[in-house]
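K.L.:
There are 4 protein chains.
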Amino acid sequence: MGAVKTKRMPRAVREQQMLDAAVRTFGQRGYMAASMDEIAELAGVSKPLVYLYLNSKEDLFTACIRREAKALVDAVRAGVRRDLPADRQLWEGLGAFFTHTGENPDAWSVLHLQARTHGEPFAGEVTAMREEIVAFVTQLILAAAREARPQALGCARAARYPHDPELPEREVAGLAEALVGAAESLAAWANATPGVTPRQAAATLMNFAWAGLGDLMAGRPWAPPEEPPGPHVG
Amino acid sequence: MGAVKTKRMPRAVREQQMLDAAVRTFGQRGYMAASMDEIAELAGVSKPLVYLYLNSKEDLFTACIRREAKALVDAVRAGVRRDLPADRQLWEGLGAFFTHTGENPDAWSVLHLQARTHGEPFAGEVTAMREEIVAFVTQLILAAAREARPQALGCARAARYPHDPELPEREVAGLAEALVGAAESLAAWANATPGVTPRQAAATLMNFAWAGLGDLMAGRPWAPPEEPPGPHVG
Amino acid sequence: MGAVKTKRMPRAVREQQMLDAAVRTFGQRGYMAASMDEIAELAGVSKPLVYLYLNSKEDLFTACIRREAKALVDAVRAGVRRDLPADRQLWEGLGAFFTHTGENPDAWSVLHLQARTHGEPFAGEVTAMREEIVAFVTQLILAAAREARPQALGCARAARYPHDPELPEREVAGLAEALVGAAESLAAWANATPGVTPRQAAATLMNFAWAGLGDLMAGRPWAPPEEPPGPHVG
Amino acid sequence: MGAVKTKRMPRAVREQQMLDAAVRTFGQRGYMAASMDEIAELAGVSKPLVYLYLNSKEDLFTACIRREAKALVDAVRAGVRRDLPADRQLWEGLGAFFTHTGENPDAWSVLHLQARTHGEPFAGEVTAMREEIVAFVTQLILAAAREARPQALGCARAARYPHDPELPEREVAGLAEALVGAAESLAAWANATPGVTPRQAAATLMNFAWAGLGDLMAGRPWAPPEEPPGPHVG
DNA sequence: GATGAATGAGCTTTCATTCAT
DNA sequence: CATGAATGAAAGCTCATTCAT
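Protein chains in written order, with our numbering: chain A, 1095 to 1328; chain B, 1095 to 1328; chain C, 1095 to 1328; chain D, 1095 to 1328.
(1) Enumerate in chain order the residues of its own chain whose CB-to-CB distance from residue 1266(B) is below 8 Å, with the five nearest sequence positions on each side excluded.
(2) Are there 16 or more other CB atoms within 10 angstroms of the CB of residue 1213(A), so buried, or fewer, so exposed?
(3) State the Cα-Cα distance for the pair residue 1301(C) and residue 1282(D), rounded to the nearest angstrom.
(4) Any residues in the region 1275–1286 of chain D with a beta carbon nearer than 7 Å to a beta carbon of chain C? Which ones, in chain order?
(5) Count the C-beta pairs between the region 1201–1210 of chain A and the region 1120–1128 of chain A that are closer than 8 Å, then say yes if the count reaches three, no if not.
(6) Do residue 1115(C) and residue 1279(D) have their C-beta atoms within less than 8 Å of each other?
(7) Taking buried to mean at least 16 other C-beta atoms within 10 Å of its own C-beta, is residue 1107(C) buried or exposed?
(8) Over the uninterrupted alpha helix (DSSP H) stretch that includes residue 1214(D), give me the two end residues.
(9) Anything in chain A within Cβ reach of residue 1195(B), meaning under 8 Å, just list it in chain order.
(10) Using a Cβ-Cβ cut-off of 6 Å (strictly less than) and excluding sequence neighbours within five positions of residue 1118(B), which residues of its own chain qualify?
(11) Counting only C-beta atoms, is residue 1186(D) closer than 8 Å to chain C at any point?
(12) Would DSSP call residue 1285(C) helix, strand or coil?
(13) According to DSSP, is residue 1103(D) part of a helix, a strand, or is it coil?
(14) Mind checking if residue 1110(A) is an interface residue toward chain B, Cβ cutoff 8 Å exclusive?
(15) Compute the Euclidean distance between the alpha carbons of residue 1275(B) and residue 1170(B), then round it to the nearest angstrom.
(16) Assign residue 1162(C) to buried or exposed, taking buried as 16 or more other Cβ atoms, counted over all protein chains shown, within 10 Å of its Cβ.
(17) For residue 1167(B), tell me which candidate among 1188(B), 1113(B) and 1181(B) has the shortest Cα-Cα distance.
(18) Using the three-state DSSP reduction, which class does residue 1174(D) fall into: helix, strand or coil?
(19) Going by C-alpha distance, which of 1157(A), 1194(A) and 1181(A) is nearest residue 1217(A)?
(20) Please go through the same chain and pick out, in chain order, the residues whose beta-carbon is closer than 6 Å to the beta-carbon of residue 1109(A), but skip the five residues on each side of it.
(21) Can you tell me which of 1204(C), 1183(C) and 1136(C) puts its alpha carbon nearest to the alpha carbon of residue 1227(C)?
(22) In chain order, what residues of the same chain have a beta carbon less than 6 Å from the beta carbon of residue 1154(A), not counting five sequence neighbours either side?
(23) Count the other C-beta atoms from every protein chain shown that fall within 10 angstroms of the C-beta of residue 1244(C), then say buried if there are 16 or more, exposed otherwise.
(24) Can you tell me the Cβ-Cβ gap for residue 1296(A) and residue 1192(A), rounded? I've got them flagged as a contact below 8 Å.
(25) Since residue 1238(A) contacts residue 1181(A) with CB under 8 Å, what's their CB separation in whole angstroms?
(26) By alpha-carbon positions, which one of 1195(A), 1145(A) and 1291(A) ends up nearest to residue 1121(A)?
(27) Taking DSSP as the reference, what is the three-state secondary structure of residue 1128(A)?
(28) Once you ignore the five residues that flank residue 1303(A) on each side, which residues in its own chain have a CB closer than 6 Å to its CB?
(29) In whole angstroms, what separates the C-alpha of residue 1333(A) from that of residue 1103(A)?
(30) With DSSP run on the structure shown, which of helix, strand or coil describes residue 1291(D)?
(31) Alpha carbon to alpha carbon, how far is residue 1277(B) from residue 1173(B)?
(32) Tell me the start and end of each unbroken alpha helix (DSSP H) in the region 1139–1207 of chain A that is at least 4 residues and wholly inside, in chain order.
(33) Which same chain residues, not among the five before or five after residue 1165(C), have their C-beta less than 6 Å away from its C-beta?
(34) Would you say residue 1126(C) reaches chain D, if we count a Cβ-Cβ gap shorter than 8 Å as a contact?
(35) Looking at chain D, which residues of the region 1195–1217 of chain C have a Cβ within less than 9 Å of any of its Cβ atoms?
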């Protein structure tokens, strides 16, 4: 079991094997319950080599977080065409997100559960990634506010927030936070509920976020585009 | 440091002290990093007494989860007046939720992070509580669908889901999941962002969930009630 | 489970209950694995009371050994009629011995296994008892040497041990030791082999010891008396 | 104290050192009272190394039992020339047995006392060895019955057990049991009594077993061979 | 470059034993 | 007389980490 014991590989390759093994072990056992012995065995190398390349358990875990955070952000970025309207961008981004987390459950466990659970410096690593995503979503919300119905927004907002022509920054931050939080939660739900595809999860969340429960009740859901999110997603 | 060393307390009292110390320690250090030594010291008793009363680290952790899950559910229940319309019930529930989690961050860490991160049987304990809350939210969504605009719902929905006069069950489940997930996420955000009150967090989420981003953009937010959520919250 | 919780018993009775529980627990679990908690619970009293009466685990174990050693020696003594010839005395003694050990396996485990296994001062206690029995057997051997065939003994022995008209003391001691050891071993074997009665065990050993394998081979076994060992045994 | 601290030994060597230390410690302190700390120190290694190689206290103890059981059986086997008559084989086997147990008192304590006292799976291990020995002795008894005086055996036995031309199986089993038990007991006695050599112990037992007390009384002891049991013993 | 050998430190758990009532 | 409350001390076991080859 584990990687086939191939000797004399270049360092970069060996490191990736170790990170693979580590992500899998950390994701399944948890950070503390995972033992360096198990990781080394799964990677098909001896323990001292792990230490030589990755320094310590903390550094190894941090390396896992960084690699997987980058992979997730890259996957989402690659899934979004930036020339589309905001709601379509969000739709595509969610699709890519659910696809990636569904295909890499251990990585998602490391990012979403393990890293946040074991304090600094791990939580900070994942927070950085999360803020990137939240910033992206915030952009989309603001873009939507501008592009979608500028004049309606103009007057209606003026009535509501007379002294502040913009949506208050904190309010938007909260909205983005809520949206991302809902997405994270749905990722776990979709993984655990058999038969829920990434597309369905994305559709559910788009409905929820874009139309709102009020409009949903009134039979006015957000309309997903006819064509699939695109083969370039995942 | 720790509780004042008062000797010879009745068992029930000591047990609560131990649970207090355990929740605090588990919440801050994490389940695995927390040592029984530290918990015992914080509780002001010797380690054997902790084992005599709570049996094992696992049992102690489970007892913490159960106590705090019940406390949270009770707090939310106590904050909701069941004779109000659905959106008001949700508003009050969210207020109570954010208030309780804000006031008990260690307990919230135990429930939201630690218990979910360390597998069975802990995850199961908190899943049970979560399902209770998701069920409650599901009820509210369905109630809203019925009470709010029955006729609009009637014809408009019929157009959308011709073969199914109701919102598909899984769709509602997904919506409730997303709502609860967003709330959980906002709880952490509100705790971490200075100056965000439980009320504000609840308002943000109500807007997000009830009006939807689309309506928000159009300047049609959900309107929170004039009077505060009431002194009976928390 | 355990003794019925009857309050206010005279000390002597309570002590016997405790010793009963202790013998059973020590016999089944072993000295070290037996916990004072278990003994106290089985005796139906609280732990401090055990300490009040018996002082310590060591003292409790010693008390068990003494009581059961005395009980065993008394049983053997009661089973032997001292006016009979030596071989009949041995036969009766063995019968009483196998009967008692068969009926009190926990006590026998305490004496034969536990006490010897856990060093001083316990081994010493049981050694004292054992020496008493060995001395008794030694007497029987010497008596047999005198009574059975005095003249044959006289000349034949003189030829063999010319400078010592008696069987050398150490030789007799070794014989007694061997006989007692064989008896102890057969006690465990008889307990473990279904269908072996105390009588049969005693007969086997009498044959072995009295006639010797050589005579047995020649078809000249020792003849057990017709009448049963008697109801006065045990 | 303990072994000289030599670093970096091959695993097989270290394991034997550990077993040496364990046998000594278990033999002197008893299984439960022996601590892994003490064993490790006596072996001149750290505790984790003991666990790395021997897994657990139970496994370590089992390994001791197995090694010493094999050593004892091997010693007895090596001491017996299978081409001699039965009584001579027994005589040589007893000599080897008393020699080995006398030279390895801790090993004998482990096998005879500790292993039997602490239940399964330890008792089973030593029972297996014991059965091997009992079977060997049983063979010798039957062989003696056949070879020694066939015709005397023939008619005399027929008179005693008319319906069964053989000594009943259970009777022989009991005799072997008694003989082995006597030997075990004499081993402890010989160890504890200064000045008793293995040869003397063996002679005492041969007399007891082969001639029987009856013949001994009559001045007809079993005659040990003139030449010593042979330099190939131990 | 790669590894078998080795350990310091710390964890959970248990037990005999004793106060204070 | 009897006990619920409480603990010091130690045991088995595991792990991240490092030499020496």
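Each residue gets a CB set at the ideal place from its N, CA and C atoms; glycine is no exception. These figures come from a predicted structure and were not determined experimentally.
P.N.:
So, from the listed chains and residues:
(1) Within the same chain, 1232, 1235 and 1236 come within 8 Å of residue 1266(B) by CB-CB distance, once the 5 residues on both sides are set aside.
(2) Looking at its Cβ environment, which holds fewer than 16 other Cβ atoms inside 10 Å, residue 1213(A) is exposed.
(3) The straight-line gap from Cα to Cα measures roughly 24 Å.
(4) Of all residues in the region 1275–1286 of chain D, those with a C-beta nearer than 7 Å to a C-beta of chain C are 1275, 1276, 1278, 1279, 1280 and 1283, reading in chain order.
(5) Segments in contact, yes.
(6) 8 Å or more divides the Cβ of residue 1115(C) from the Cβ of residue 1279(D).
(7) Burial call: exposed.
(8) Premise fails: residue 1214(D) is in no alpha helix (DSSP H) and is neither H nor E.
(9) The contacting residues do not exist; residue 1195(B) stays about 13 Å from chain A at best.
(10) Cβ contact annotation for residue 1118(B) (same chain, cutoff 6 Å, sequence separation greater than five): 1200, in chain order.
(11) Taking 8 Å as the threshold, the shortest C-beta distance from residue 1186(D) to chain C does not fall below it.
(12) Looking at residue 1285(C) - three-state DSSP - the assignment turns out to be helix.
(13) Shown here, residue 1103(D) sits in coil according to DSSP, grouped into three states, outside any helix or strand.
(14) No, residue 1110(A) lies away from the interface with chain B (no Cβ there is under 8 Å from its Cβ).
(15) If you take the alpha carbons of residue 1275(B) and residue 1170(B), they lie about 16 Å apart.
(16) Under this definition residue 1162(C) is a buried residue.
(17) Looking at the Cα atoms, 1188(B) is the closest of the given residues.
(18) Here residue 1174(D) carries a coil assignment [DSSP, helix/strand/coil].
(19) If we check each option's Cα against that of residue 1217(A), 1157(A) comes out closest.
(20) Correct list, in chain order: 1147.
(21) Measuring from the Cα of residue 1227(C), the nearest candidate turns out to be 1183(C).
(22) The residues are 1116 and 1148.
(23) Its pLDDT being 47, under 50, residue 1244(C) is placed unreliably by the model, and the measurement read from it follows with that caveat. Counting the other CB atoms within 10 Å of its CB gives residue 1244(C) a total below 16, which places it among the exposed residues.
(24) Contact annotation, residue 1296(A) with residue 1192(A): C-beta distance approximately 6 Å; criterion of less than 8 Å satisfied.
(25) Contact holds; Cβ gap of about 6 Å.
(26) Measuring from the Cα of residue 1121(A), the nearest candidate turns out to be 1195(A).
(27) Reduced to three states, the DSSP call for residue 1128(A) is coil.
(28) These residues qualify, in order along the chain: 1273.
(29) Because chain A here runs from 1095 to 1328, residue 1333(A) falls outside it and cannot be looked at.
(30) Coil at residue 1291(D), not helix or strand.
(31) Rounded to whole angstroms, residue 1277(B) to residue 1173(B) spans 16 Å at the Cα level.
(32) Within the region 1139–1207 of chain A, the complete alpha helix (DSSP H) segments at least 4 residues long are 1141–1148, 1151–1173, 1180–1197 and 1199–1202, listed from N- to C-terminus.
(33) Its chain contains no residue whose beta carbon lies nearer than 6 Å to that of residue 1165(C) once the 5 sequence neighbours on both sides are disregarded.
(34) Taking Cβ atoms only, chain D reaches closer than 8 Å to residue 1126(C), which makes this a yes.
(35) Per Cβ criterion, the list reads 1203, 1207, 1208, 1210, 1211, 1212 and 1213.
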